[in-house]
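Reviewing the structure listed below.
Chains as they are written, first to last, in my numbering: chain A, 1288 to 1537; chain B, 32 to 356.
Right under this line is the structure:
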């Protein structure tokens, strides 16, 4: 069982942003997508979420093409957290989180909304307006919005942008908890140390292609990351079993 | 105060405005005149009832389409005039006046031409935005349509064959409910009712759009269908309204703003209230039109701008733009 992309090509205008890409996102695991700017990470995520149809190839959940799924069914299955966390209207946080239930709208809604607010530690924010929240609070509310839909797949595009280090770690832990709950989580990250910390699997991208994919222990090597980003990257032992990735210009 | 209570109050306000609209005018009609043998009964039945119905429908259409467009474009500045439907309907009507065919087919001429203008605007908007699924393209296309229609309208007026046609066209452009009768109601009502109903079903997808286009799609929103729904609903409701009353601005812009602090910023929560509020505001303004000193009436479009603009400025000062940040 997996959310899988099979030989996906995506052309936007004349530009080929994904070039025969095949990848798997496994349930119960966090898959981190890494690569330099313009590598096609966001495109990969958008195709996987069914937001754009691939020019060639297919995206399937357990063999079922997501392009053939009903919109509501796909929305219930795949949650997508876009990069820019803007909310157009100054709604209450509760109203924002309730949007996550648009494709459901059943007797379970209230329970799911409450659970999502609790899982992101945002219950106390419910009655506040999103315009008055801090960046960290807003990020938690927007994550709660996706969690309220109880998706089997959660695709998050750079959810850590504009968060301070403590909130970055906090949000990653919450994403990992979602994966431990059984969902397949794919997340685009730019911070290598945070990626190394949270990843079960990793997909490395460059120029619209996948250059490496697989378990994090095998893919996130100093050499692979050095080549991918054209930097010097290596693992550092922090003692007591802790490890992190350090980077320096080449 | 819960939402049903607030809605009930708004309904009560709208009904009060209907009553005011029936009573107010050069000839004030007391309650006694509404009920029986009083000869002034004719004023109520033949003049004021159709006018009140038309005012309520027009206001509801304008308020609702303003709320829908603001939600759709995620922009508090949107109203029916920015997508060009009003201007194109006006162009059609002015063309009928200038070409001297406004009375053709038993008075259907001007209405038909105006609806053709609105229909043309809808088709062009739909086609222009079919390739780029983006509200930005939508509003750009609408703005271009509006300026083109405005220029063509001015062109037609400047080549009008006689001064009467010029006067009639300009007078009509200012928008009014004056002397509109049961015929006008019968002409416009089917289109306006269908358009209003179409606009009322957009709430769920407008809510999703608050999170952006990608998030809306990921929540199951069909943005292509939504675009056509918005174009069709606005075209029918506002197009038919403009076709019988001329251009009335400000309702679509002001009403959702006034009601947003009361009913919340969620787009779907604003649709029904904006329709009711639009009806109430239009009826109030139309009643004011008739109270102007002198023999004539002030044009509804003029009164609306005169009360709308200062009111809106006051709102901006008081809020300091708080609800949009």
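Each residue gets a CB set at the ideal place from its N, CA and C atoms; glycine is no exception.
Beta-carbon neighbours of residue i, restricted to chain B and to distances below 9 Å
i                       : result
residue 1365 of chain A : 249
Beta-carbon gap between residue i and residue j smaller than 7 Å
i                       : j                       : result
residue 149 of chain B  : residue 270 of chain B  : yes
residue 286 of chain B  : residue 305 of chain B  : yes
residue 38 of chain B   : residue 83 of chain B   : no
residue 1387 of chain A : residue 1357 of chain A : no
residue 1523 of chain A : residue 1535 of chain A : no
residue 1389 of chain A : residue 242 of chain B  : no
residue 277 of chain B  : residue 226 of chain B  : no
residue 1418 of chain A : residue 1377 of chain A : yes
residue 1413 of chain A : residue 1420 of chain A : no
residue 1 of chain B    : residue 313 of chain B  : Residue 1 of chain B lies beyond the range of chain B shown here (32 to 356); nothing can be said about it.
residue 1292 of chain A : residue 1309 of chain A : yes
residue 1486 of chain A : residue 1531 of chain A : no
residue 1482 of chain A : residue 1491 of chain A : no
residue 1425 of chain A : residue 1501 of chain A : no
residue 119 of chain B  : residue 180 of chain B  : yes
residue 273 of chain B  : residue 156 of chain B  : no
residue 257 of chain B  : residue 166 of chain B  : no
Neighbour flag for residue i against chain A, beta carbons, 7 Å
i                      : result
residue 94 of chain B  : no
residue 181 of chain B : no
residue 161 of chain B : no
residue 105 of chain B : yes
residue 238 of chain B : yes
Beta carbon proximity, residue i to chain B, threshold 7 Å
i                       : result
residue 1386 of chain A : yes
residue 1301 of chain A : no
residue 1414 of chain A : no
residue 1305 of chain A : no
residue 1358 of chain A : yes
residue 1533 of chain A : no
residue 1324 of chain A : no
residue 1404 of chain A : no
residue 1435 of chain A : no
residue 1453 of chain A : no
residue 1447 of chain A : no
Under 8 Å by beta carbon: chain A residues contacting residue i
i                      : result
residue 243 of chain B : 1369, 1371, 1373, 1375
Coarse secondary structure for residue i, derived from DSSP in three states
i                       : result
residue 324 of chain B  : coil
residue 1492 of chain A : strand
residue 93 of chain B   : helix
residue 1376 of chain A : coil
residue 59 of chain B   : coil
residue 1514 of chain A : helix
residue 101 of chain B  : helix
residue 1444 of chain A : strand
residue 311 of chain B  : helix
residue 170 of chain B  : helix
residue 1505 of chain A : helix
residue 1309 of chain A : strand
residue 130 of chain B  : coil
residue 317 of chain B  : helix
residue 274 of chain B  : helix
residue 356 of chain B  : A caution first: residue 356 of chain B carries a pLDDT of 45, below 50, which makes its placement in the model too unreliable to give a value.
residue 1351 of chain A : strand
residue 1535 of chain A : strand
residue 1499 of chain A : strand
residue 1320 of chain A : strand
residue 1362 of chain A : helix
residue 1302 of chain A : strand
residue 165 of chain B  : coil
Buried/exposed call for residue i, threshold 16 Cβ in 10 Å
i                       : result
residue 1440 of chain A : buried
residue 172 of chain B  : buried
residue 1316 of chain A : buried
residue 1445 of chain A : buried
residue 1324 of chain A : exposed
residue 184 of chain B  : buried
residue 32 of chain B   : exposed
residue 1335 of chain A : buried
residue 144 of chain B  : buried
residue 1365 of chain A : buried
Neighbour list for residue i in chain B, Cβ cutoff strictly below 7 Å
i                       : result
residue 1517 of chain A : Those within 7 Å of residue 1517 of chain A in chain B number zero; the least Cβ separation is about 30 Å.
residue 1500 of chain A : Result: empty, since nearest Cβ-Cβ is about 23 Å, beyond 7 Å.
residue 1336 of chain A : 249
Amino acids of chain A, ordered along the chain, whose beta-carbon sits closer than 7 Å to that of residue i
i                     : result
residue 79 of chain B : Going along chain A, no residue has its Cβ under 7 Å from residue 79 of chain B, so there is no contact; the nearest lies around 38 Å.
Neighbouring residues, chain B, relative to residue i (Cβ below 8 Å)
i                       : result
residue 1333 of chain A : 245
residue 1311 of chain A : In chain order: nothing, as chain B lies at least about 20 Å away.
Closer than 9 Å at the beta carbon, the chain A residues around residue i
i                      : result
residue 235 of chain B : 1389, 1392
Contact set between residue i and chain D, taken where Cβ atoms lie within less than 8 Å
i                       : result
residue 1362 of chain A : The chain labelled as chain D is not found among the protein chains of the depicted structure, namely A and B.
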